[in-house]
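In this note's numbering, the protein residues as written are 143 to 409. One structure below.
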């Protein structure tokens, strides 16, 4: 092996070591949480002592936690549906059309990413109190839609940037209307980006705490609020069991969608 080849191999080995350390650093908190969910100790201990599923049973048999999980899922689903619709239309307008103040409008649509959630929560509380949306499910949907729409816009725009406009033009020349062209040509092509945006939106909405704390009423306690309230007064491994269930759900449903989006972007 020549000196240059040996040097190249040494750099690759060093890169593998660095990447392995970074991966372990990122995964360590997740591993600890999942491990403590199976321990018999009444408080989180790592490495876990014994092996049990009672913390998962306590989660699934607690009506308040189940109700909060259902509320979070419903809130995230409706918010994601609204954000996906709005974000897709906004992305189409920003990519396909030229108009005045395009840069300003784009910045405004993406601005919720830049502002701290505590600032957005306070601003939305003041605004929604004036129009009667505070402490309502509709108000939470509106707030979460504002938060997650920018992520949908960015990912759909990434898919649209690689779309050959001549395909749509050919469809219209053959007699297809704009709406028919969108559903039969455009939508299938940008579907990976749209699904990835919807997935990220759903996860962000499901996990959102700060804005929800500002706007939620007594009967609108989402799962993050329940978890936040629980860890203030106890360190029960039930929280680890809840987290493990959420991690497993995101891996099962989220990873395939995201990998599909990355494959399409590389193609």
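We put the CB at the ideal spot given by N, CA and C, even for glycine.
When DSSP states are grouped into helix, strand and coil, residue 350 belongs to the coil group.
About 5 Å separates the Cβ atoms of residue 201 and residue 383, confirming a contact at the 8 Å cut-off. With fewer than 16 other Cβ atoms inside 10 Å of its own Cβ, residue 329 counts as exposed. The Cβ-Cβ distance between residue 332 and residue 302 falls below 8 Å. Three or more beta-carbon pairs separated by less than 8 Å are not found between the segment 346-353 and the segment 239-250, which leaves the two stretches without contact. Using a Cβ-Cβ distance cut-off of 8 Å, the segment 259-266 and the segment 349-361 are in contact, since at least three pairs of beta carbons, one from each stretch, lie closer than that value. Short of 6 Å from the beta carbon of residue 260, and not among the five residues preceding or following it, lie these beta carbons of its own chain, in chain order: 352.
Here the alpha carbons of residue 300 and residue 335 stand approximately 7 Å from one another. C-alpha of residue 199 to C-alpha of residue 191: approximately 18 Å in a straight line. A direct Cα-to-Cα measurement between residue 169 and residue 175 gives close to 10 Å. DSSP places residue 366 in the uninterrupted alpha helix (DSSP H) bounded by 365-375. Between residue 182 and residue 290, the C-beta gap is not smaller than 8 Å, which leaves the two residues out of contact. Distance check between residue 325 and each of 230, 217, 151 places 230 closest, using alpha-carbon atoms only. Taking C-beta separations shorter than 8 Å and ignoring five residues to either side along the sequence, the partners of residue 368 in its chain run 206, 207, 210, following chain order. Distances from the CA of residue 387 to each of 214, 277, 179 were compared; the closest alpha carbon is that of 179. By the CB criterion at 8 Å, residue 298 and residue 224 fall outside the cutoff. Excluding the 5 residues flanking it on each side, residue 249 has no same chain C-beta neighbour closer than 7 Å. Counted as a single uninterrupted DSSP element, the alpha helix (DSSP H) harbouring residue 238 occupies residues 205-238. Contact between residue 339 and residue 293 holds, with the beta-carbon distance rounding to 6 Å and staying under 8 Å. In this structure residue 154 is exposed. Its beta-carbon is surrounded by fewer than 16 other beta-carbon atoms within 10 angstroms.
Straight through space, the alpha carbons of residue 196 and residue 184 are spaced by roughly 10 Å. For residue 392, the closest alpha carbon among the candidates 150, 276, 215 is that of 215. Comparing alpha carbon positions, the residue from 285, 236, 159 closest to residue 220 is 285. Non-local C-beta neighbours of residue 275 in its own chain, meaning closer than 7 Å and more than five positions away in sequence, comprise 281, 284, ordered along the chain.
Residue 358 sits in coil when the DSSP states are folded into three classes, being neither helix nor strand.
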